[in-house]
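Residue numbering for the sequence shown follows full-length UniProt numbering, starting at 1 and increasing by one per position. For each residue, glycine too, the CB sits at the ideal point set by N, CA and C. The structure presented is a predicted model; accordingly, all values stated were derived computationally and were not measured. Down below is the structure, laid out as structure tokens.
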Amino acid sequence: MGKMKKQKKFATMKRTISLKDPRIKEKDRAKSHKKKKEDPSAIKEQEIVKYPSCLFFQYNTQLGPPYYILVDTNFINFSIKAKIAKDPRFDRLPCSHKGTYADDCLVQRVTQHKCYIVATVDRDLKRRIRKIPGVPIMFISNHRYSIERMPDDYGAPRV
């Protein structure tokens, strides 16, 4: 013999807690004031991002040979799989902060100094870096390294 199913109560309503309830904290007891509607004819203030002086439109003047490349760990693994890892020695840059993901660290370092090329195969990281003007992205295609958004003057192979 099976267990009888309980019927759901019909037309039940959620109960609200009164402001005098002891579970509510003192700062929350004060009723929230209604926000004033914004005047559509008022002038809106916006903060404009100040672009660094190294950029001439989208052309980055800080990029030049000896290139500094920030390499993602996935990029190293993929280049070893594709057998195109040229040099096993890498200089490790120490981070000055704690508790940050590698992607956040790369994006933060690139936004501060635009002299880097970012080498990655991660799609999300590529999307985030494409939003930063003047930073080229190195990736792997057809068993060789390719650079996206690199000025033609530096001799980057066309994709």
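Rounded to the nearest whole angstrom, the C-alpha separation of residue 11 and residue 23 is 27 Å. Distance check between residue 52 and each of 114, 141, 127 and 123 places 114 closest, using alpha-carbon atoms only. Spanning the alpha carbons of residue 129 and residue 116 requires a straight line of approximately 11 Å.
Residue burial annotation: residue 119 is buried, with at least 16 other C-beta atoms found within 10 angstroms of its C-beta. Within 10 angstroms of the beta-carbon of residue 91 lie fewer than 16 other beta-carbons, which makes it exposed. Taken atom to atom, the span from the alpha-carbon of residue 132 to that of residue 108 is near 10 Å.
Straight across, the Cα-Cα distance linking residue 47 with residue 7 is about 57 Å. Contact between residue 110 and residue 75 does not hold, since the beta-carbon distance rounds to 14 Å and is not under 8 Å. By the neighbour-count definition (other C-beta atoms within 10 Å, threshold 16), residue 94 is an exposed residue. Out of 40, 141 and 137, the CA that lies nearest to the CA of residue 148 is found in 137. Straight through space, the alpha carbons of residue 105 and residue 82 are spaced by roughly 26 Å. Per DSSP, reduced to three states, the secondary structure at residue 148 is strand.
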